[in-house]
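So the sequence shown is residues 16 to 173, counted in our numbering.
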Amino acid sequence: MRAVTLNSVPETPALADLPIPRPEPGEVLVKVAGSSVNGFDLSVAAGYVRQMLEHRFPLVVGKDFAGTVEALGEGVEGFTVGQPVFGVVMKPFLGPGAMAEYLTVPAAYGIAPLPDGLAVEEAGALGLAGTAALDSLNAVAPARQDRRHLLLKPLPAT
């Protein structure tokens with residue numbers, strides 16, 4: 016599979032060919048349709064988080080993803096092959112990431128069914144990037160009961 020990787024940090028991410036991961040028990044294999052770039056990804060590539068999290072190279076960058084369930088690891092319930100999903104890669108180390116054709120994530124957290132009416136390409140920007148956008152909006156115009164925020168359309172994730 017193709018993936019955007021780092022072989023060390025700091026380093027410029029590059030396209031590489033890696034094996035398609037196999038889901039372990041309790042994991043979901045996702046065929047990725049969309050992802051996003053956010054500040055965390057830039058910090059990883061620059062080497063700023065090297066002392067905070069274990070890095071397993073080659074490291075696939077990206078945290079946010081959306082796609083379809085390709086396979087289920089042993090014991091996974093609540094998801095079906097072909098189901099549209101989105102989420103955030105939430106492993107306790109850096110290595111597997113969302114900027115790849117496939118990724119595995121624990122079924123218990125960091126992944127959810129795609130809501131009706133939300134395009135899979137757009138959902139790829141809702142994890143960390145979407146939260147950062149909401150936090151930024153709240154910093155300049157905090158949400159209150161008498162004030163509402165309107166998001167017209169997020170930019171598509173590719």
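Beta carbons are placed, not taken as given, at the ideal position from N, Cα and C, and that holds for glycine.
Assigned exposure category for residue i - 16 Cβ within 10 Å defines buried
i: proline 40; result: exposed
i: glycine 90; result: exposed
i: serine 51; result: buried
i: asparagine 153; result: exposed
i: glycine 132; result: exposed
i: glutamate 92; result: exposed
Own chain residues within Cβ distance below 7 Å of residue i, not counting five before or after
i: proline 28; result: Val19, Thr20, Leu21, Ala60, Val76
i: glycine 102; result: Phe80, Val120, Gly125, Ile126, Ala127, Gly142
i: glutamine 66; result: none
i: glutamate 26; result: Ala60
C-beta atoms of residue i and residue j nearer than 8 Å
i: valine 84; j: leucine 129; result: no
i: glycine 88; j: methionine 105; result: no
i: phenylalanine 55; j: leucine 143; result: yes
i: glycine 62; j: valine 24; result: yes
i: lysine 78; j: alanine 115; result: no
i: alanine 147; j: asparagine 53; result: yes
i: methionine 16; j: leucine 33; result: yes
Neighbourhood of residue i by C-beta, 8 Å cutoff - its chain only, sequence neighbours within 5 removed
i: leucine 109; result: Val59, Val64, Leu68, Glu69, His70, Arg71, Leu74
i: proline 36; result: Leu44, Pro111, Tyr117, Leu118, Thr119
Close-in-space but distant-in-sequence residues of the same chain around residue i (CB under 6 Å, 5 per side omitted)
i: proline 38; result: Leu44, Ala86, Gly88, Thr119
i: glutamine 160; result: none
Whole-number beta carbon distance between residue j and residue i, since they are thought to touch under 8 Å
i: phenylalanine 94; j: alanine 134; result: Actually they do not touch by this definition, with Cβ atoms about 19 Å apart.
query: Which runs of the beta strand (DSSP E) fall wholly inside the segment 65 to 126 and span at least 3 residues, in chain order?
result: 79 to 87, 99 to 103, 117 to 121
message: I'd like the ranges of any alpha helix (DSSP H) spanning at least 4 consecutive residues and lying wholly in the segment 136 to 163.
response: 143 to 155
Contained beta strand (DSSP E) runs [length at least 3] in the segment 21 to 46, N- to C-terminal order: Those beta strand (DSSP E) runs which fall completely within the segment 21 to 46 and span 3+ residues are 29 to 32.
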